[in-house]
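Report on the structure given below.
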Amino acid sequence: MGKTRPSRRQPPASGPLESGIGILLLAAFPLLLLLFQGPASTAFTAVLMLVIFATALRLIHRGAAIAAAYEAAETAKAPRLPRKMIGSALLGLLVMILAGHHFVSLAIPSALGLLGFGLGVAAFGRDPLTNKEGAPDEELRHLRTQETLDRIDAAIATAVADVSALGDAELSRRAEALQSGVMGLLHTISQDPLAARRLRKPVARFLELLGKENARLIEAWGSDDRLKARRRYLTRLTALGEAFEDRLRKAGTEQGRDAYDVEADLLWNRMVDKQVA
1 MGKTRPSRRQ PPASGPLESG IGILLLAAFP LLLLLFQGPA STAFTAVLML
51 VIFATALRLI HRGAAIAAAY EAAETAKAPR LPRKMIGSAL LGLLVMILAG
101 HHFVSLAIPS ALGLLGFGLG VAAFGRDPLT NKEGAPDEEL RHLRTQETLD
151 RIDAAIATAV ADVSALGDAE LSRRAEALQS GVMGLLHTIS QDPLAARRLR
201 KPVARFLELL GKENARLIEA WGSDDRLKAR RRYLTRLTAL GEAFEDRLRK
251 AGTEQGRDAY DVEADLLWNR MVDKQVA
């Protein structure tokens, strides 16, 4: 059966100024003023705090981009380095250093540092901590099989619609019965992925022959050979259905399924076919 890859959403592109981090740049201006005020030790402290501040912003911005890509992907690994958390911790450290100049005890600066860290986490979120797993293999196989069955059903439905357009009630009824029976059989056998893969060529051959018979019928419909073409089409339609059923029976038994189970499934679908007919 055909394979499809799960679609992946592209994460929105965002620069430092577009992600909300740019607002924090305003906090750097007081630090810049310290470079031109006081002794050299004050300027050195200002440079150190600016380095911490720039590192924190860089880590948060990079962590936000990684988190966006993580959310957009079907499967992804958690980043080894929690950049947003580390960046928020550096912001808290910076707040604690700035507050330490105004208090004798470290209790209040430490509390303000923790508050700064908490506000950073609240503003920018946490880093992904666990690997993101996509749909299980069994579920993906089921989805791919269902997509293939839908395509086959649509192809047969198009052929049935072409026959129905001729205005012959008997031909329409038989074509619809064939569609119902074939799709019922396919749904039954598709429960076994290995058996379903064996049916790719038989299904393609079935659709090819059905298309040829439809084209031959439609071509002869407006001629004197209409009745002959009609009888031939009904005979070929029955033969196609029986041959496809036989191939399904072989596909089921080749995969080790009990012959009784295969026959029971085919009988059930044949009953559905007769009800539609």
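For the sequence shown, UniProt numbering begins at 1 and goes up steadily by one.
C-beta: ideal position from N, C-alpha, C; glycine also.
Given the structure is predicted, the values throughout are model-derived calculations rather than measurements.
Where the alpha helix (DSSP H) containing residue 206 begins and where it ends: Mapped onto the sequence shown, residue 206 falls at position 206. It spans 200–221 - the alpha helix (DSSP H) in which residue 206 sits, taken as one unbroken run.
Contacting residues, own chain, Cβ-Cβ under 6 Å from residue 236 (five flanking each side not counted): By 1-based counting over the sequence shown, the position of residue 236 is 236. Once the five neighbours on either side are set aside, the close Cβ partners of residue 236 are 213.
Where the alpha helix (DSSP H) through residue 121 begins and ends: Residue 121 sits at position 121 when you count from the first residue of the sequence shown. Looking at the DSSP string, the run of the alpha helix (DSSP H) that includes residue 121 is 107–124.
Residue from 83, 124, 50 and 75 with nearest C-alpha to residue 59: Walking along the sequence shown from the start, residue 59 turns up at place 59. Checked all of 83, 124, 50 and 75; the closest Cα to residue 59 is 83.
Contact under 8 Å by Cβ, residue 182 with residue 244: As a working mapping, residue 182 is identified with position 182 in the sequence shown. As a working mapping, residue 244 is identified with position 244 in the sequence shown. Yes, these two residues count as a Cβ contact at 8 Å.
The region 100–109 contacting the region 67–78, beta-carbon criterion three pairs below 8 Å: Verdict: no, contact absent.
Helix, strand or coil at residue 129 according to DSSP, with G and I counted as helix: Counted from its first residue, the sequence shown places residue 129 at position 129. Looking at residue 129 - three-state DSSP - the assignment turns out to be coil, as it is neither helix nor strand.
Simplified DSSP state of residue 76, which is helix, strand or coil: Here the question's residue 76 lines up with position 76 in the sequence shown. In this structure, residue 76 counts as strand in the three-state DSSP scheme.
Three-state secondary structure assigned by DSSP to residue 95: Translated into the one-based positions of the sequence shown, residue 95 becomes position 95. Reduced to three states, the DSSP call for residue 95 is helix.
Residue 128 versus residue 111: straight-line alpha-carbon distance, rounded: Within the sequence shown, residue 128 is the residue found at index 128, counting from 1. Within the sequence shown, residue 111 is the residue found at index 111, counting from 1. Each residue's alpha carbon lies about 26 Å from the other.
Proximity below 8 Å, CB of residue 91 to CB of residue 118: Residue mapping note: residue 91 aligns to position 91 of the sequence shown, counting from 1. Residue mapping note: residue 118 aligns to position 118 of the sequence shown, counting from 1. The Cβ atoms of residue 91 and residue 118 do not sit closer than 8 Å to each other.
Nearest residue (CA-CA) to residue 240, options 78, 132, 206 and 227: The residue you call residue 240 lines up with position 240 of the sequence shown. The shortest C-alpha separation from residue 240 is found at 206.
Extent of the continuous alpha helix (DSSP H) to which residue 187 belongs: Counting from one through the sequence shown, the residue named residue 187 turns up at place 187. First-last of the alpha helix (DSSP H) with residue 187: 169–189.
Nearest to residue 63 (by Cα), restricted to the options 173, 43, 88 and 50: Taking the first residue of the sequence shown as 1, we reach residue 63 at position 63. For the residues 173, 43, 88 and 50, the minimum Cα distance to residue 63 belongs to 88.
Same chain only: Cβ atoms within 7 Å of residue 24, ignoring 5 sequence neighbours per side: Here residue 24 refers to the residue found at position 24 when the sequence shown is read from its first residue. 57.
Short Cβ contact (8 Å threshold) for residue 202 with residue 247: For the purposes of this step, residue 202 is taken as residue 202 along the sequence shown, with counting starting at 1. For the purposes of this step, residue 247 is taken as residue 247 along the sequence shown, with counting starting at 1. Yes. Within cutoff.
Rounded C-alpha distance that separates residue 68 from residue 94: For the purposes of this step, residue 68 is identified with residue 68 of the sequence shown, where counting begins at 1. For the purposes of this step, residue 94 is identified with residue 94 of the sequence shown, where counting begins at 1. Between residue 68 and residue 94, the C-alpha separation is close to 26 Å.
Own chain, CB closer than 8 Å to residue 155, minus 5 neighbours either side, in chain order: Here residue 155 corresponds to residue number 155 of the sequence shown, with the count starting at 1. For residue 155, where only same-chain residues beyond five positions count, the Cβ hits under 8 Å are 207.
As assigned by DSSP and simplified to three states, the class of residue 162: For the purposes of this step, residue 162 is taken as residue 162 along the sequence shown, with counting starting at 1. The answer is helix: DSSP assigns residue 162 an H, G or I state.
Coarse secondary structure for residue 37, derived from DSSP in three states: Here the question's residue 37 lines up with position 37 in the sequence shown. In this structure, residue 37 counts as coil in the three-state DSSP scheme.
Distance between beta carbons of residue 32 and residue 53, contact taken as under 8 Å: On the sequence shown, residue 53 is found 53 positions in, with the first residue counted as 1. On the sequence shown, residue 32 is found 32 positions in, with the first residue counted as 1. With a Cβ gap of about 10 Å, residue 53 and residue 32 do not count as contacting.
Beta-carbon proximity list for residue 66, same chain, < 6 Å, skipping 5 on both sides: Translated into the one-based positions of the sequence shown, residue 66 becomes position 66. If we look at residue 66 and ignore the five residues flanking it on each side, its Cβ neighbours are 79.
Alpha carbon of residue 161 to alpha carbon of residue 180, nearest angstrom: By 1-based counting over the sequence shown, the position of residue 161 is 161. By 1-based counting over the sequence shown, the position of residue 180 is 180. Those two C-alpha atoms are separated by around 14 Å.
Distance CB(residue 211)-CB(residue 159) smaller than 8 Å: Within the sequence shown, residue 211 is the residue found at index 211, counting from 1. Within the sequence shown, residue 159 is the residue found at index 159, counting from 1. Cβ atoms of residue 211 and residue 159: closer than 8 Å.
Beta-carbon separation (whole angstroms), residue 233 vs residue 171, contact threshold 8 Å: The residue given as residue 233 occupies position 233 in the sequence shown. The residue given as residue 171 occupies position 171 in the sequence shown. Between residue 171 and residue 233 the Cβ distance is about 7 Å, and since that is below 8 Å, they are a contact.
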